[in-house]
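Engineer: To get my numbering, take the position in the sequence shown, counting from 1, and add 1320.
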Amino acid sequence: MRAEDSRDGLKTLPPDVFSQFTGILLDEVIERQPIVLNSHTVYRQDSSLAVNPVSERRLNPSHYLFVSADPEDVVEWRAADKTRQRPVESVQDIEFHQTIALGVVRAITEVMDSRLLVVHNTVETTDTNAQEIGEFLSSL
1321 MRAEDSRDGL KTLPPDVFSQ FTGILLDEVI ERQPIVLNSH TVYRQDSSLA VNPVSERRLN
1381 PSHYLFVSAD PEDVVEWRAA DKTRQRPVES VQDIEFHQTI ALGVVRAITE VMDSRLLVVH
1441 NTVETTDTNA QEIGEFLSSL
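(1) Quick one: give me the first and last residue of the beta strand (DSSP E) that Arg-1378 is part of.
(2) Buried or exposed: which applies to Asn-1372, given that a residue is buried once 16 or more other Cβ atoms fall within 10 Å of its Cβ?
(3) For Glu-1376, count the other beta carbons within 10 Å of its own beta carbon; 16 or more makes it buried, fewer makes it exposed. Which is it?
(4) Quick check on this structure: which residue in Ile-1355, Val-1356, Pro-1391, Pro-1334 has the alpha carbon closest to the alpha carbon of Asn-1441?
(5) Would you list the residues sitting across from Arg-1364 in a DSSP beta bridge?
(6) So what's Arg-1435 in DSSP terms, helix, strand or just coil?
(7) Applying the criterion that 16 or more other CB atoms from any shown protein chain within 10 Å of the CB defines a buried residue, is Pro-1381 buried or exposed?
(8) Cutting at 8 angstroms between CB atoms, please list the residues of its own chain near Glu-1452, excluding the five before and the five after it.
(9) By the three-class DSSP mapping on this structure, what secondary structure does Leu-1357 have?
(10) Over the uninterrupted alpha helix (DSSP H) stretch that includes Ser-1458, give me the two end residues.
(11) Closest by CA to Phe-1338, which one among Ile-1420, Gln-1365, Gln-1412?
(12) So, helix, strand or coil for Glu-1382, using DSSP?
(13) Between which residues of its own chain and Gln-1418 is the CB-CB distance below 6 angstroms, once the five residues before and five after are set aside?
(14) With three or more C-beta pairs closer than 8 angstroms as the rule, is the region 1411 to 1425 touching the region 1352 to 1367?
So this is what it looks like as structure tokens:
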């Protein structure tokens, strides 16, 4: 498989091409609602962090779930994923990304009057998080 054919390859597409594909996918997602969508609201696009407010408004989610983890754990998990083709990010880059992403998601949920649940993912909190997420999703 070529890098550009993988999900990692999407990160290097020119912004206009990426937006075109996003629009097509959004049409399909909106058509099939209600759904639970697992995605990154703030994502790495080439060397930048990006957010697509047009997509967020089109989707109009009633709920957001933000999952964070210790950046050191993220580095370890990513290193264990032998299918991952994206460039390695430092602990500091991951921490920065998570901090920016949480701020953006908080702002979006406030503006769109959506509910937000934030959980911190560790081996020790998996069961508690799963229960909390289940309760959150049952309110949909």
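By construction, the Cβ of each residue, glycine as well, lies at the ideal position given by its N, Cα and C atoms.
Structural biologist: This is what the structure gives:
(1) Here Arg-1378 belongs to no beta strand (DSSP E); instead the alpha helix (DSSP H) covers 1373 to 1379.
(2) buried
(3) buried
(4) Pro-1391
(5) Leu-1369
(6) strand
(7) buried
(8) Leu-1437, Val-1439
(9) coil
(10) 1446 to 1458
(11) Gln-1365
(12) Per the sequence shown, the amino acid found at residue 1382 is Ser instead of Glu. Of the three classes helix, strand and coil, the one that applies to Ser-1382 here is coil, per DSSP.
(13) Ser-1388
(14) yes
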